[in-house]
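First the structure, in the form of structure tokens, and then the observations on it.
There are 4 protein chains.
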Amino acid sequence: MSFVPADAGYAQRVRESFARQGAMRTLGATLEAVSPGHVVVVLRHKPELSQQHDFMHAGMLTAALDSACGYAAFSLMPADASVLSVEFKVNLLAPAQGPWLRCDARVLKAGRTISVVEARALQHESGGPEKLVATMTATMMTVQGRPDVRG
Amino acid sequence: MSFVPADAGYAQRVRESFARQGAMRTLGATLEAVSPGHVVVVLRHKPELSQQHDFMHAGMLTAALDSACGYAAFSLMPADASVLSVEFKVNLLAPAQGPWLRCDARVLKAGRTISVVEARALQHESGGPEKLVATMTATMMTVQGRPDVRG
Amino acid sequence: MSFVPADAGYAQRVRESFARQGAMRTLGATLEAVSPGHVVVVLRHKPELSQQHDFMHAGMLTAALDSACGYAAFSLMPADASVLSVEFKVNLLAPAQGPWLRCDARVLKAGRTISVVEARALQHESGGPEKLVATMTATMMTVQGRPDVRG
Amino acid sequence: MSFVPADAGYAQRVRESFARQGAMRTLGATLEAVSPGHVVVVLRHKPELSQQHDFMHAGMLTAALDSACGYAAFSLMPADASVLSVEFKVNLLAPAQGPWLRCDARVLKAGRTISVVEARALQHESGGPEKLVATMTATMMTVQGRPDVRG
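Chains as they are written, first to last, in the UniProt record's numbering: chain S, 1 to 151; chain B, 1 to 151; chain E, 1 to 151; chain V, 1 to 151.
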């Protein structure tokens, strides 16, 4: 699906907002790609993100998926709007071992108020093929007239 | 609902497993209560957990809710089993500002293979009433014959 | 939780709208109770609703749960609004055999645009205790200025 | 993704099981395609499936999506297994008006016990392009040693 952004400065707005998320710094997550309705967030597994068997905690992976989905929706919103997560659902298909996880989010529907976004978390093992470890479907809300940066 | 644990040492098993989760240390989350089919996880908001508007990132809160749900299910499992998150769904009802968040998880159904757990995240503001900020419904799986601690 | 309806005629609006749903007639579902933020829908199992093992099809039960959730949210909306299902998530805890299923829906949050509703499907066997067979968490949307009855 | 079925007679098993669902007869839904890990169910809108504004009731559409997902998973199961819906989540992207709805389900992961399936409901208007009206993510369970047909 191809989208036309409402605001030509969308990529800059996404990057600045992502940079303000303390949670993404804690995860060590970075924005790999931003285009209209599409965002990729990448993170590396580390002990600070682990569950009891040393895999990545499903909730930590969810945080990266949620940011990817939120910013995919935000990339299509007007310049004076901000984004809010209404709900999301995650299926865990395989333990996330790393070393790298790639969260790829695409907008399915960009409504005036409600957007629906799907994301996949793909694991990249060195020298191996990528592996689908989790999916997210998220509902995001456009908060009109309330810019993301609040002075 | 009232449950009889399959293993009398359930609380110890839950506490030891929780203590091995690097993610819970990163969140600063602690176990406040463990009883059969019921677990409470508490965490305090801090800048390392924030989204772009300084609220707690929905994913970070989800990590605490997922651990609460997983250990509520795990508390009813046999001593030689481990727990796996199959999927979860989170609704965000209000921004989580803190200072304290209390994730209260209760098992709805404890099946041989599949358990269903519901959790609520309640915000405690100093001097104010508690406020419901998020709900989770989670599906957990019992992995038989594979103890949580692996030597 | 206790809610004050925005429109004193809420019960009449709910009953009239429910009566226009061809799907509820097909299910043989009826409204058992309507109060502010709370709706109960009851249906009886029959062969027309079955899956391959003669239990009630999860989707047919979902239809009753969705109507219960939608009208629980609608009961709190202004007189000139209509309700739209944004998304829902259902967990199936036990096969629904009937003879009676009771879908009990309660609003958790009634926002200006978004409402969150939880429902439980309880099975009533003759002479036996009720049994929880399914849960729903639903996100409903208030469509402002667009009354439910359209002339 | 490409799957090898565990049982060469999978298509026959799917068709026979689908034919026993009273709910699919009530919907007027038919199986359009069955291949390993992929099932398409088609239905036509009619007044018996409507909600209050004459669109197809989200629950009725969910019933078709659930059958599509269940049989997509079932197509990969051993001959002596049956399938059970554990949970599903549906997002409604646009009102389903018909005349035709096409529910296309594909297995994402076929585990020994748990399968994850995604489906899309596409609306076909006469002379117009297809339109995405709903998505489902479903968790299905393999019930081993319990054939679908029970004598």
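We put the beta carbon where it would ideally sit given N, CA and C, even for glycine.
Three-state secondary structure (DSSP) of residue 122 of chain E
Walking along the third sequence from the start, residue 122 of chain E turns up at place 122. Three-state DSSP puts residue 122 of chain E in a strand.
CB-CB under 7 Å to residue 129 of chain V, same chain, minus the five flanking residues each way: which ones, in chain order?
On the fourth sequence, position 129 is the one that residue 129 of chain V refers to. None.
Answer yes or no: does any C-beta atom of chain V fall closer than 8 Å to that of residue 107 of chain S?
Mapped onto the first sequence, residue 107 of chain S falls at position 107. Output row for residue 107 of chain S: interface = no.
Could you check whether residue 139 of chain E and residue 113 of chain E sit closer than 8 Å to each other, using their CB atoms as the reference points?
Mapped onto the third sequence, residue 113 of chain E falls at position 113. Mapped onto the third sequence, residue 139 of chain E falls at position 139. No, the pair does not count as a contact, with Cβ atoms beyond the cut-off.
Any C-beta of chain E under 8 Å from that of residue 135 of chain B
Here residue 135 of chain B refers to the residue found at position 135 of the second sequence. Yes, residue 135 of chain B counts as interfacial toward chain E.
Take residue 66 of chain V as the anchor and find which of V/85, V/11 and V/31 has the nearest alpha-carbon.
Position 66 of the fourth sequence holds residue 66 of chain V. Residue 66 of chain V has its Cα closest to that of V/85, out of V/85, V/11 and V/31.
Give the interface partners of residue 47 of chain E over in chain V, defined as CB-CB distance under 7 Å, in chain order.
The count along the third sequence starts at 1 and reaches residue 47 of chain E at position 47. In chain order: 22.
Below 7 Å on C-beta distance, what does residue 139 of chain B contact in chain V?
By 1-based counting over the second sequence, the position of residue 139 of chain B is 139. Simply 86, 87 and 139.
Here's a check: name, in chain order, each residue in its chain whose Cβ is nearer than 8 Å to the Cβ of residue 32 of chain V, leaving out the five neighbours to either side.
Numbered from 1 along the fourth sequence, position 32 holds the residue referred to as residue 32 of chain V. If we look at residue 32 of chain V and ignore the five residues flanking it on each side, its Cβ neighbours are 40, 41, 42 and 102.
Is the shortest distance between the beta-carbon of residue 145 of chain B and the beta-carbons of chain S less than 8 Å?
Reading the second sequence from its first residue, position 145 is the one you call residue 145 of chain B. Judged by the 8 Å Cβ criterion, residue 145 of chain B is not in contact with chain S.
Does DSSP put residue 136 of chain S in a helix, a strand or coil?
Position 136 of the first sequence, counted from the start, is the residue given in the question as residue 136 of chain S. DSSP places residue 136 of chain S in strand when its eight states are reduced to three.
For residue 18 of chain V, which three-state DSSP category applies?
On the fourth sequence, position 18 is the one that residue 18 of chain V refers to. Residue state, collapsed to three classes: helix.
Quick one: does residue 75 of chain E have its CB under 8 Å from some CB of chain V?
The sequence position of residue 75 of chain E within the third sequence is 75, counting from 1. Cβ-Cβ to chain V under 8 Å: no for residue 75 of chain E.
Three Cβ pairs or more, each shorter than 8 Å: is that satisfied between the region 103 to 123 of chain B and the region 104 to 111 of chain S?
no
Rounded C-alpha distance that separates residue 25 of chain E from residue 116 of chain B:
Working through the third sequence from its first residue, we reach residue 25 of chain E at position 25. Working through the second sequence from its first residue, we reach residue 116 of chain B at position 116. Cα to Cα, residue 25 of chain E sits roughly 31 Å from residue 116 of chain B.
For a contact meaning CB atoms closer than 8 Å, what does residue 132 of chain V contact in chain S?
For the purposes of this step, residue 132 of chain V is taken as the residue at position 132 of the fourth sequence. Chain S residues near residue 132 of chain V: 108 and 109.
Between residue 17 of chain V and chain E, is the shortest Cβ-Cβ distance under 8 Å, so that the two count as touching?
Your numbering for residue 17 of chain V matches position 17 in the fourth sequence. At least one chain E Cβ lies under 8 Å of residue 17 of chain V.
Tell me where the beta strand (DSSP E) around residue 50 of chain B begins and ends.
As a working note, residue 50 of chain B is residue 50 in the second sequence. Careful: residue 50 of chain B lies outside any beta strand (DSSP E) and carries neither H nor E.
In the region 109 to 126 of chain S, which residues sit with their C-beta less than 7 Å from some C-beta in chain V, listed in chain order?
109 and 116
Excluding the 5 residues preceding and the 5 following residue 94 of chain E in the sequence, name in chain order all residues of the same chain whose CB lies nearer than 7 Å to its CB.
Taking the first residue of the third sequence as 1, we reach residue 94 of chain E at position 94. Excluding sequence neighbours, residue 94 of chain E sits near 131 and 133.
In or out: residue 126 of chain E buried (at least 16 other Cβ within 10 Å) or exposed?
Your numbering for residue 126 of chain E matches position 126 in the third sequence. With fewer than 16 other Cβ atoms within 10 Å, it is exposed.
If you drop the 5 nearest sequence neighbours on each side, which residues of the same chain put their C-beta closer than 7 Å to that of residue 61 of chain S?
Here residue 61 of chain S refers to the residue found at position 61 when the first sequence is read from its first residue. Cβ neighbours of residue 61 of chain S beyond the five flanking positions: 96, 101, 121 and 134.
Chain-order list of residues whose beta-carbon lies under 8 Å from that of residue 4 of chain V (same chain, five-residue window excluded):
Translated into positions along the fourth sequence, residue 4 of chain V becomes position 4. Excluding positions up to five away in sequence, the list reads 36.
Contacts that residue 101 of chain E makes with chain B (C-beta to C-beta distance below 8 Å):
Numbered from 1 along the third sequence, position 101 holds the residue referred to as residue 101 of chain E. Those within 8 Å of residue 101 of chain E in chain B number zero; the least Cβ separation is about 17 Å.
Please report whether the beta-carbon of residue 93 of chain S lies at a distance below 8 Å from any beta-carbon of chain A.
This model lacks chain A altogether, as its protein chains are S, B, E and V.
Straight-line CA distance for residue 78 of chain S to residue 71 of chain B?
Here residue 78 of chain S refers to the residue found at position 78 of the first sequence. Here residue 71 of chain B refers to the residue found at position 71 of the second sequence. Answer to the nearest angstrom: the Cα atoms are 42 Å apart.
How far does the alpha helix (DSSP H) with residue 66 of chain E in it extend, from its first residue to its last?
Looking up residue 66 of chain E in the third sequence gives position 66. 58 to 74 is the extent of the alpha helix (DSSP H) around residue 66 of chain E.
Buried or exposed for residue 118 of chain S, going by 16 or more other Cβ atoms inside 10 Å?
Reading the first sequence from its first residue, position 118 is the one you call residue 118 of chain S. Label assigned to residue 118 of chain S: buried.
By how many angstroms is the C-alpha of residue 17 of chain B removed from the C-alpha of residue 98 of chain E?
As a position in the third sequence, residue 98 of chain E is number 98, starting the count at 1. As a position in the second sequence, residue 17 of chain B is number 17, starting the count at 1. Rounded to whole angstroms, residue 98 of chain E to residue 17 of chain B spans 40 Å at the Cα level.
Could you check the C-alpha separation between residue 47 of chain B and residue 13 of chain B for me, to the nearest Å?
Here the question's residue 47 of chain B lines up with position 47 in the second sequence. Here the question's residue 13 of chain B lines up with position 13 in the second sequence. Distance between the alpha carbons of residue 47 of chain B and residue 13 of chain B: 31 Å.
From B/69, B/80, B/51 and B/149, pick the residue whose C-alpha is nearest to that of residue 38 of chain B; which is it?
Residue numbering aside, residue 38 of chain B sits at position 38 when the second sequence is read from its first letter. Checked all of B/69, B/80, B/51 and B/149; the closest Cα to residue 38 of chain B is B/69.
For the region 50 to 63 of chain V, enumerate the residues whose C-beta is nearer than 9 Å to any C-beta of chain E, in chain order.
50, 51, 52, 53, 54, 56, 57, 58, 59, 60, 61, 62 and 63
Contact check, residue 82 of chain S vs residue 148 of chain S, beta carbons under 8 Å
Here residue 82 of chain S corresponds to residue number 82 of the first sequence, with the count starting at 1. Here residue 148 of chain S corresponds to residue number 148 of the first sequence, with the count starting at 1. Against a cut-off of 8 Å, the Cβ pair of residue 148 of chain S and residue 82 of chain S comes out as a contact.
Give me the residue from S/136, S/73 and S/137 with the minimum Cα distance to residue 7 of chain S.
Locating residue 7 of chain S in the first sequence gives position 7, where the first residue counts as 1. Nearest C-alpha to residue 7 of chain S: S/73.
Roughly how many angstroms separate the alpha carbons of residue 75 of chain V and residue 15 of chain V, rounded to a whole number?
Within the fourth sequence, the letter at position 75 stands for residue 75 of chain V. Within the fourth sequence, the letter at position 15 stands for residue 15 of chain V. Whole-angstrom Cα-Cα distance: 10 Å.
Would you mind stating whether residue 92 of chain S and residue 58 of chain S have Cβ atoms separated by less than 8 Å?
Translated into the one-based positions of the first sequence, residue 92 of chain S becomes position 92. Translated into the one-based positions of the first sequence, residue 58 of chain S becomes position 58. Yes, Cβ-Cβ distance for residue 92 of chain S and residue 58 of chain S is below 8 Å.
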